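Participant: Residue numbering for the sequence shown follows my numbering, beginning at 2 and increasing consecutively. No residue lacks a Cβ here, since even glycine has one placed at the ideal position from N, Cα and C. All figures in this text were calculated on a predicted structure; none of them were measured in a lab.
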Amino acid sequence: MTRVKRFVEGQDRAQLMLLPECLDDFVGEDNPVRVVDAFIEELDLAVLGFAGVLPEATSRPSYHPASLLKIYPTVI
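(1) Just to confirm the assignment, what range does the alpha helix (DSSP H) spanning D38 have?
(2) Report buried or exposed for P66, applying the criterion of at least 16 other Cβ atoms within 10 angstroms of its Cβ.
(3) Return the chain-ordered list of same chain residues with a C-beta closer than 7 Å to the C-beta of D25, the five sequence neighbours on each side being excluded.
(4) Measure the beta-carbon distance from S63 to F27 and round it to whole angstroms, keeping in mind my assumption that it falls under 8 Å.
(5) Can you check whether the C-beta of R7 is within less than 9 Å of a C-beta belonging to chain D?
(6) Quick one: residues in its chain with C-beta nearer than 8 Å to the C-beta of L55, no 5 flanking neighbours on either side, listed in chain order?
Structure (structure tokens):
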């Protein structure tokens, strides 16, 4: 029996692309997105009541709630 992935895996921002640059190089050191990323990584989403932090072992993998929370400010 094959094991299903627990979450949809995104690309690593440090992953090298076709060119020598990596995605992280395109975000300035003073960009506010770095603060949002660091802040959300430190949150305990399960304690805060976020659903889906502990994914079900069945069906299609979902996106991790931290990944969704990081893009939320760009949507509103």
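Facilitator: Looking at the atomic coordinates:
(1) Here the question's residue 38 lines up with position 37 in the sequence shown. P33 to E43 is the span of the alpha helix (DSSP H), which, as asked, contains D38.
(2) Translated into positions along the sequence shown, residue 66 becomes position 65. Counting C-beta atoms within 10 angstroms of its own C-beta, P66 has 16 or more neighbours from the protein chains shown and is therefore classed as buried.
(3) Taking the sequence shown and counting its residues from 1, one reaches residue 25 at position 24. Excluding sequence neighbours, D25 sits near R14 and A15.
(4) In the sequence shown, residue 63 corresponds to position 62, counting from 1. In the sequence shown, residue 27 corresponds to position 26, counting from 1. About 27 Å; that fails the 8 Å criterion.
(5) Considering every chain present, this structure includes no chain D. It has just one protein chain.
(6) As a first step, residue 55 is located in the sequence shown; it is residue number 54 there, counting from the start. Cβ neighbours of L55 beyond the five flanking positions: A47.
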